[in-house]
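In this note's numbering, the protein residues as written are 1033 to 1177.
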C-alpha cells in the first residue's frame, strides 16, 4: 500500500481501528447517558483523576508509542463526524480506552474564555498531558462519585 493511501486513512489497520473507535463511541455515548462519569471512565480503563495536579517539568517530553499515536489518530477520525459532536470528553474516553495499556487518566478542567466558563477533558499519561490545549484549563479537583 502506498504512503499516500496510508496517509488518507485507507490502510486496512487504520480502517479497523477507526471502526473499533466508532463502536466504542457508541458505548461511550450510551454510558454518558446512564452512568456517572467516574464509573464510566473506570469501566473504560481511563479513571477520572481529581487529585491535585502534580507539578511536572514544563518541558517534560511525552513519549507516546507509535501504536498509541495511531489509535488516538483513529479515534479523532471516528469522532470527527460523530452526530453528537466530537466533544473532548468523548474523544478522551474513546482514545483513553484504546490506549489503556499506557494507564492514562482522564482529567477535566475549567477556564474562563471571553467571559464564559468553559470545560475541557484530556488524557494524562504519567502525569503529563497528551493535549497541548489543556495548559489553558485549571483541573477540577473534586467530583461527587
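Glycine included, each C-beta is placed from N, C-alpha and C at the ideal position.
Rounded to the nearest angstrom, the gap between the Cα atoms of residue 1115 and residue 1047 is 19 Å.
With a contact defined as Cβ atoms closer than 8 Å, residue 1078 and residue 1137 qualify at about 7 Å. Inclusion of residue 1101 and residue 1050 in the CB contact set at 8 Å is not warranted, their separation being larger than that value. In terms of Cβ geometry, residue 1096 and residue 1162 form a close pair [threshold 8 Å]. 8 Å or more divides the Cβ of residue 1056 from the Cβ of residue 1069. Taking 3 residues as the minimum length, the beta strand (DSSP E) runs contained wholly in the stretch 1104-1169 are 1137-1145, 1148-1157, in order along the chain. Counting every other CB atom within 10 Å of its CB across the protein chains shown gives residue 1145 a total below 16, marking it as exposed.
In this structure, the beta-carbon distance from residue 1172 to residue 1147 does not fall below 8 Å. Where residue 1073 is concerned, the enclosing alpha helix (DSSP H) starts and stops at 1069-1075. Counted as a single uninterrupted DSSP element, the stretch harbouring residue 1084 is not any alpha helix (DSSP H), since DSSP gives it neither H nor E. In the three-state reduction of the DSSP assignment, residue 1044 falls in the helix class, which pools H, G and I. Distances from the alpha-carbon of residue 1062 to those of 1122, 1169, 1130, 1132 put 1122 closest.
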